[in-house]
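Only one structure is covered here, and it is reproduced in the block below.
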């Protein structure tokens with residue numbers, strides 16, 4: 001090929017055709033877009049429907065029905081304020097009229113129990129109606145709730161209805177246990193109605209598998225606590241005789257219910273009245289077995305880590321506390337694998353082999369929620385468990401724990417269970433921490449130590465020395481104990497504050513600038529540094545309960561106190577409790593009590609003019625013998641008009657009978673002596689019934705060993721009988737009439753008494 005025809009570059013080769021594999025790709029299918037305004041309307045509709053289901057899980061109550069039950073609530077509230085014995089007319093039975101009205105309300109409620117229970121407006125009305133229901137109607141109402149207890153317990157409003165029903169069911173179940181069943185109404189369409197005992201057991205079977213979940217629900221936990229209190233009232237603290245509100249209801253719920261006014265039956269029921277004759281409510285044996293099933297269910301459904309998590313939960317911790325009390329009451333807490341063993345991190349299972357303390361158990365003492373559980377464990381646990389728990393978690397850190405703002409309450413509960421050796425060891429370990437506790441004004445551990453020493457008669461002298469030491473009071477100035485301890489101040493601090501207060505009273509314009517500093521948002525007030533403190537008052541009361549002569553230091557201090565200071569203490573709601581204990585304590589000698597009453601002569605007219613002081617004056621008057629009463633009456637003769645014109649003093653003057661004393665002193669003395677003998681004889685009769693033959697034998701032996709130098713006169717013996725009304729077993733019971741003769745006298749007096757309810761006269 002000629003050169004000129006050649007081209008630069010490589011020859012183009014024929015490209016082989018490559019096989020191209022095509023894959024079928026599905027195109028994404030997009031949903032049809034909805035306009036924003038239309039989507040927002042759909043979302044709002046779904047939220048409203050969901051909110052309606054949550055607010056009314058059983059349906060919405062008709063507005064007309066709501067209006068009707070509001071009128072029922074107003075009428076029931078009016079009747080509850082009036083009482084059950086009110087009569088509109090002599091020929092019209094008010095009880096029957098109320099029964100017909102209540103029957104109409106129950107007819108309207110039939111079939112709507114679940115809706116009304118979950119309604120925010122009608123649930124309080126149902127609670128009020130439950131108090132007026134008889135046993136049969138309560139069973140009908142409980143039967144209507146059967147099968148829905150879990151949903152009702154978790155509802156905000158229905159849970160309160162369940163609580164009230166379970167609380168009132170205790171009376172019905174107690175009557176059923178004694179065989180008092182109301183007659184069932186006859187009719188062809190009437191089926192068989194279960195008893196309240198069977199209905200409660202059926203409800204327990206429904207919720208027993210959901211116990212851990214219900215424990216953590218803020219509404220259902222209170223229902224579960226009420227149910228446990230119904231199943232095992234003897235094993236759980238907060239018995240119904242003490243009112244169940246502190247145990248089953250929250251503070252918010254109890255306060256709200258208290259603001260609703262009186263809730264009681266408006267219809268007089270003979271069967272319920274007969275059931276109240278029994279002071280102790282009976283519990284069926286099946287309830288005890290069901291309570292044990294609840295314990296087994298909680299142990300089997302929860303591992304130890306879950307139980308320890310429940311202990312620090314604000315909602316579940318009070319319920320777990322009740323389970324621990326039940327377990328201790330059934331003698332199951334001492335076994336390995338128990339709920340108590342799980343909470344204490346295997347302390348019972350390991351026993352003495354475990355040497356290292358668990359950090360989790362130590363944290364229970366410092367937490368504001370779980371510390372209540374720790375207090376219950378220390379109070380209720382078996383003695384063997386306590387002897388393992390106390391040295392491992394308390395002894396080494398006793399000084400720090402006693403001054404801690406939370407743990408000091410737990411330590412005080414533990415101090416209350418120590419024996420003599422443990423208490424002596426604890427006081428030695430606490431020697432260096434008393435000053436710190438006083439500075440923080442946390443003397444609960446010291447008060448608990450004094451109370452325990454008074455109970456076991458040990459370490460009393462060492463505790464008195466501790467009080468002298470921490471308050472820096474010399475042994476030769478016992479008169480300063482009450483002023484310093486009551487204010488929780490050392491003697492130098494008390495003297496300094498008193499001097500500053502006297503200077504401020506002399507120059508009142510000097511403290512105006514300081515008065516504007518100490519204020520609250522609601523009101524301006526200047527804090528009084530010498531105001532009595534509750535912790536100081538409790539400590540003084542505990543010392544007064546010690547045995548003589550250890551309690552005499554407080555009485556000597558009261559005797560050495562000036563009358564102006566005594567008046568301040570008597571008129572203080574906190575300090576007056578110290579005087580109450582001094583006048584009531586059985587460990588205080590009669591002569592010292594009479595000497596204390598004598599110290600107030602000249603102050604009674606000022607005490608009687610005060611709301612708190614008038615109560616102390618009445619107590620001093622009741623504690624005085626006829627001779628002292630005459631001295632008090634003489635001192636009040638110049639102030640008779642002042643007492644009559646006083647709002648509080650007029651009641652004290654009426655009790656004294658000063659006009660009779662001025663008109664006829666001899667008759668006044670005879671009347672007071674007769675009243676004193678009546679009080680003494682009644683107290684002796686009560687002590688005879690309360691103490692029994694064993695205490696009578698002990699009292700006779702005490703009289704044989706009586707020192708002749710301590711023999712008292714007639715007035716002293718009469719005066720000693722006053723304090724035995726509340727302390728019948730402590731005092732000496734003198735043999736009076738035989739019991740059979742005394743009972744015959746009482747029965748004859750009852751038969752001779754006129755009927756308190758006069759016969760109704762027909763209206764002419």
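Numbering (the working numbering), first residue to last: 1 to 764.
Just so it is clear, CB atoms sit at the ideal spot from N, CA and C, and this is done for glycine as well.
- Apart from the 5 residues on each side of it in sequence, residue 409 sits with its Cβ closer than 8 Å to the Cβ of 371, 375, 444 in its chain, given in chain order.
- If you look at residue 207, you'll find it in the alpha helix (DSSP H) that goes 196-207.
- Shortest Cα-Cα distance from residue 674 to any of 635, 641, 640, 627 involves 627.
- In the three-state DSSP reduction, residue 292 falls in the helix class (H, G or I).
- Nearest C-alpha to residue 604 among 563, 625, 581: 563.
- The closest CA to that of residue 672, considering only 322, 404, 631, 400, is found on 631.
- Within the segment 109-134, the runs of alpha helix (DSSP H) at least 4 residues long that lie entirely inside it are, in chain order, 113-117, 123-130.
- In this structure residue 473 is in contact with residue 480, their Cβ atoms being roughly 5 Å apart against a cut-off of 8 Å.
- Between residue 406 and residue 438, the gap from beta carbon to beta carbon reaches 7 Å or more.
- By the neighbour-count definition (other C-beta atoms within 10 Å, threshold 16), residue 450 is a buried residue.
- One thing to note: residue 149 has its Cβ within 7 Å of the Cβ of residue 207.
- For the 7 Å CB-CB criterion, residue 455 and residue 369 do not form a contact.
- If you draw a straight line from the Cα of residue 338 to the Cα of residue 233, it is about 21 Å long.
- Per DSSP, the continuous alpha helix (DSSP H) segment holding residue 350 begins and ends at 347-350.
- Looking at 431, 420, 394, the one whose alpha-carbon comes closest to that of residue 413 is 394.
- DSSP places residue 484 in the helix class (H, G or I) of the three-state scheme.
- The count of Cβ pairs closer than 8 Å, one atom from the segment 100-112 and one from the segment 291-305, stays below three, leaving the stretches out of contact.
- Taking every protein chain shown into account, the CB of residue 100 has fewer than 16 other CB atoms within 10 angstroms, so this residue is exposed.
- Between residue 289 and the set 264, 312, 550, 330, the nearest pair of CA atoms involves 330.
- Within the same chain, 648 come within 7 Å of residue 611 by CB-CB distance, once the 5 residues on both sides are set aside.
- With contacts defined by Cβ atoms closer than 7 Å, residue 118 and residue 155 form a contacting pair.
- Excluding its 5 nearest sequence neighbours in each direction, residue 328 has C-beta neighbours in its own chain below 8 Å: 235, 340, 380, 381, 382, listed in chain order.
- DSSP places residue 457 in the coil class of the three-state scheme, outside both helix and strand.
- The C-alpha of residue 567 lies about 19 Å from the C-alpha of residue 634.
- Per DSSP, residue 73 is one residue of the alpha helix (DSSP H) stretching across 63-82.
- In the same chain as residue 404, and ignoring 5 residues on each side of it, the C-beta atoms closer than 7 Å to its own belong to 366, in chain order.
- Using a Cβ distance threshold of 7 Å, residue 361 and residue 345 count as a contacting pair.
- Distance from the Cα of residue 76 is smallest, within the candidate group 94, 128, 664, for 128.
- By the criterion of a C-beta distance shorter than 8 Å, residue 537 is surrounded in its chain by 486, 574, 575, 577, 578, once the five residues flanking it on both sides are discounted.
- Cα atoms of residue 490 and residue 255: separation of roughly 39 Å, rounded to the nearest angstrom.
- Annotation: residue 502 to residue 484 spans about 17 Å, alpha carbon to alpha carbon.
- Residue 447 carries a helical assignment under DSSP once its states are collapsed to helix, strand and coil.
- Judged by DSSP in its simplified three-state form, residue 192 adopts coil rather than helix or strand.
- Burial check for residue 593: the Cβ neighbour count within 10 Å reaches 16 or more, so the residue is buried.
- The criterion of a C-beta distance shorter than 7 Å is satisfied by residue 608 and residue 643.
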